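I have placed the structure first, in the form of structure tokens, so that the comments after it can refer back to it.
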Amino acid sequence: MSEHTFATRVSRWYERNARDLPWRVPGVGAWAILVSEVMLQQTPVVRVLPAYEAWLARWPTPAALAADPPAEAIRMWGRLGYPRRAMRLHDCAVAIVERHGGEVPDRLEQLLALPGVGTYTARAVAAFAYGQRHPVVDTNVRRVVSRAVAGEPDAGPATRPADLVATEELLPAEPAEAALASAAFMELGAVVCTARSPRCAVCPVESICAWRASGQAAPAGPTRRPQRYAGTDRQVRGLLLAVLRESSGPVPRQRLDQVWTDDVQRSRALAGLVTDGLVEPAGGETFRLAGDGPAIPAPALDA
DNA sequence: CTCCGGTCAG
DNA sequence: CTGACTGGAG
């Protein structure tokens with residue numbers, strides 16, 4: 001298969017079929033791109049849209065977010081899920097201000113060093129915000145490349161170096177064209193080459209897809225190891241955080257005790273939130289979101 | 001490798 | 001009811 005043909009076909013398809021998403025509007029800054037990418041980690045586009053708009057309206061720059069306490073970021077995150085991302089995005093804003101004068105860095109190395117920015121997000125920002133030529137490999141791209149090139153119906157659970165190499169080989173030489181192709185690969189995986197029910201009939205590379213050529217059936221088992229939610233610490237963390245999010249300032253432990261009956265699990269979940277930096281003890285058997293309200297006053301000394 | 005939210009289509 | 005969703009970090 002010709003790499004050139006593959007990227008060209010998918011890019012041309014993308015130009016005609018791309019969803020109209022706010023972070024794809026020409027001229028959006030690197031900060032907006034970064035915010036969108038972090039929100040989109042493990043979260044579907046349709047749920048990110050409103051949160052993205054609200055977030056950027058309130059914090060249009062890294063400096064604006066860095067100036068507010070983490071508690072505000074956690075609240076604004078709402079029910080997007082994985083609230084540690086809100087914490088890390090706040091930490092990331094602080095790091096951008098401290099290390100890069102408030103400007104999102106454009107070098108891959110510097111991006112990777114930021115909190116909450118990993119292999120995928122760093123390359124996404126470098127490519128989509130700065131037009132650089134990097135393989136941008138998320139779960140969609142892994143699946144598309146795995147099918148089209150290797151002929152495998154499913155990719156592995158995580159991005160490996162080999163995935164980056166395989167994807168890089170499909171990219172056009174011109175940086176701008178490569179960035180466009182990366183967005184196109186992702187869109188193809190999100191809309192056409194989906195995990196369970198691929199729409200091969202409308203796929204622009206159906207005729208040169210190794211998986212189709214192999215005649216293999218659709219993937220059998222789950223793409224990812226099943227994750228339980230009900231009854232897990234994650235659910236309890238979510239319940240605890242919901243109470244803290246809706247309160248202003250410290251919350252008595254007694255109120256947190258009401259969200260879950262199992263003392264052991266509830267305590268473990270709360271301790272985990274503290275360890276992650278999302279929650280902090282506020283004295284007198286109370287807890288609050290990180291940095292919510294005034295600093296903890298030092299114990300008053302008896303005169 | 002495991003943990004980490006929350007929602008929704010099938 | 002399960003699987004999937006533009007991953008990252010310990």
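When the letters of the first sequence are read in order and numbered with UniProt numbering, they come out as residues 1 to 303. Each residue gets a CB set at the ideal place from its N, CA and C atoms; glycine is no exception. Every value quoted in this text rests on a predicted model; they were computed, and no experiment measured them.
Would you report the Cα separation of residue i and residue j, rounded to the nearest angstrom?
i, j, result
"A124", "T232", "32 Å"
"L34", "Q235", "27 Å"
"L80", "I74", "10 Å"
"A166", "P219", "21 Å"
"V10", "A86", "33 Å"
"V192", "Q258", "45 Å"
"P250", "V279", "10 Å"
"G293", "M39", "26 Å"
"R58", "L241", "22 Å"
"D20", "A32", "15 Å"
"R142", "E169", "13 Å"
"P172", "G131", "13 Å"
"residue 312", "E109", "Since the first residue of the chain shown is 1 and the last is 303, residue 312 is not available in this structure."
Figure out for me which residue from the options has the closest Cα to the Cα of residue i.
i, options, result
"P135", "S182, R107, A95", "S182"
"P281", "A195, L80, P252", "P252"
"A67", "I96, D138, F128, R228", "I96"
"T223", "S197, A201, S248, S247", "S197"
Where do the N-terminal and C-terminal ends of the alpha helix (DSSP H) with residue i fall, by residue?
i, result
"R107", "Taken as a continuous stretch (DSSP letters only), R107 belongs to no alpha helix (DSSP H), as it is neither H nor E."
"L256", "253 to 256"
"A32", "30 to 39"
"E206", "That residue, E206, is in no alpha helix (DSSP H); it is neither H nor E in DSSP."
"S182", "175 to 191"
Can you name the start and end residues of the beta strand (DSSP E) that residue i belongs to?
i, result
"V279", "279 to 281"
"T286", "286 to 289"
Please look up how many angstroms separate the CB atoms of residue i and residue j, rounded, as I've assumed it's under 8 Å.
i, j, result
"A54", "G291", "Not a contact, Cβ separation roughly 20 Å."
"F287", "L239", "Contact doesn't hold; Cβ gap of about 13 Å is too wide."
Kindly confirm or deny that the segment 158 to 168 and the segment 194 to 214 touch, where touching means at least three C-beta pairs closer than 8 Å. no
Count Cβ pairs between the segment 34 to 51 and the segment 258 to 270 that sit closer than 8 Å; are there 3 or more? no
Within 8 Å, do at least three Cβ pairs link the segment 105 to 115 to the segment 87 to 95? With a cut-off of 8 Å, the segment 105 to 115 and the segment 87 to 95 count as touching, because enough Cβ pairs lie within range.
Counting Cβ pairs, one atom from each stretch, are 3 or more of them under 8 Å apart for the segment 185 to 202 and the segment 8 to 21? yes
Closer than 8 Å is the cut-off here; do at least three beta carbon pairs connect the segment 94 to 105 with the segment 62 to 72? yes
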